[in-house]
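My numbering applies: residue 1 is where the sequence shown begins, and numbers increase by one.
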Amino acid sequence: AIRRMLEKSELNVTMREAESAGDAFDLIDSENFDCVLLDYHLTDMDGDDVYEFIETAGREKAPAVVFISGETNVGLARELIENGAVDFIDKNDLSAANLKRAILFALARRNRQRFLERSAHFDGLTGLPGRSLTMEILHDAIADAARSEK
Numbered sequence: 001a002i003r004r005m006l007e008k009s010e011l012n013v014t015m016r017e018a019e020s021a022g023d024a025f026d027l028i029d030s031e032n033f034d035c036v037l038l039d040y041h042l043t044d045m046d047g048d049d050v051y052e053f054i055e056t057a058g059r060e061k062a063p064a065v066v067f068i069s070g071e072t073n074v075g076l077a078r079e080l081i082e083n084g085a086v087d088f089i090d091k092n093d094l095s096a097a098n099l100k101r102a103i104l105f106a107l108a109r110r111n112r113q114r115f116l117e118r119s120a121h122f123d124g125l126t127g128l129p130g131r132s133l134t135m136e137i138l139h140d141a142i143a144d145a146a147r148s149e150k
């Protein structure tokens with residue numbers, strides 16, 4: 001159903017499907033994605049476990065994650081978004097237009113977040129590390145020196 005809606009949305013997307021959380025882990029490990037549409041209730045685990053894997057995969061370019069669920073629990077949607085998901089779509093409200101909106105907004109939010117993170121760590125004019133990143137690098141270097149006794 002989502003594949004048909006994506007085709008109707010006229011977004012230029014390449015869709016990859018995973019049948020299980022294990023398949024999703026393999027895809028996330030082997031490919032880079034801009035956006036992940038993640039069903040909250042998977043057959044072998046909850047979508048938040050897959051989301052946690054995406055977040056802890058250590059990629060600089062983590063994909064934007066949009067949860068899709070038949071559960072109309074506003075508290076769940078709020079919790080997922082507070083934990084970093086960029087959107088939540090109720091399956092009862094799923095349409096090509098809502099899916100397109102969610103994907104476009106998710107990508108815009110992710111790009112804005114990346115810009116803010118970069119601005120927090122690097123000088124906008126010179127591109128050199130800013131104070132917070134310099135201090136972080138210095139603390140790491142001191143810890144490494146202490147561990148190696150050098």
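All C-beta atoms, glycine included, are put in the ideal place defined by N, C-alpha and C. As the structure is a prediction and not an experimental result, all values here were calculated from the model.
| If you compare alpha carbons, which of PHE25, ALA102, PHE122, ILE137 is closest to ILE81? | Nearest C-alpha to ILE81 among PHE25, ALA102, PHE122, ILE137: ALA102.
| field | Rounded C-alpha distance that separates PHE105 from THR56 | value | Straight-line Cα distance between these residues: approximately 23 angstroms.
| request: Tell whether a beta-carbon distance below 8 angstroms holds between TYR51 and GLU71. | output: 8 angstroms or more divides the Cβ of TYR51 from the Cβ of GLU71.
| field | Minimum C-alpha distance to CYS35 - residue among SER9, ARG109, ALA96, PRO129 | value | Considering only alpha carbons, the answer is ARG109.
| query | Below 8 angstroms between beta carbons: does that hold for LEU99 and LEU6? | reply | Between LEU99 and LEU6, the CB-CB gap stays under 8 angstroms.
| query | Can PHE174 and PHE67 be called in contact, C-beta distance under 8 angstroms? | reply | Examination of residue 174 is not possible in this model, given that the chain is present from 1 through 150 alone.
| task | Compute the beta-carbon to beta-carbon distance between MET45 and ALA62, rounded to the nearest angstrom, for a pair I have assumed lies under 8 angstroms. | result | About 19 angstroms; that fails the 8 angstroms criterion.
| field | Sheet register partners of HIS41 (DSSP bridge) | value | Listed as beta-bridge partners of HIS41 by DSSP are ASP46.
| task | Specify, as a first and last residue, the run of the beta strand (DSSP E) that ASP123 falls within. | result | Bounds of any beta strand (DSSP E) do not take in ASP123, whose DSSP letter is neither H nor E.
| task | Grab me the residues of PHE25's own chain with a C-beta within less than 8 angstroms of its C-beta, minus the 5 sequence neighbours each way, in chain order. | result | The answer, listed in chain order, is VAL50, PHE53.
| task | Within 10 angstroms of the Cβ of SER69, are there 16 or more other Cβ atoms? Answer buried if so, exposed if not. | result | Counting other Cβ atoms within 10 Å of its Cβ, SER69 reaches 16 or more and is therefore classed as buried.
| What is the rounded straight-line gap between the Cα of GLU17 and the Cα of GLY84? | Distance between the alpha carbons of GLU17 and GLY84: 22 angstroms.
| said: Helix, strand or coil for SER9? Go by DSSP, reduced to three states. | reply: Residue state, collapsed to three classes: helix.
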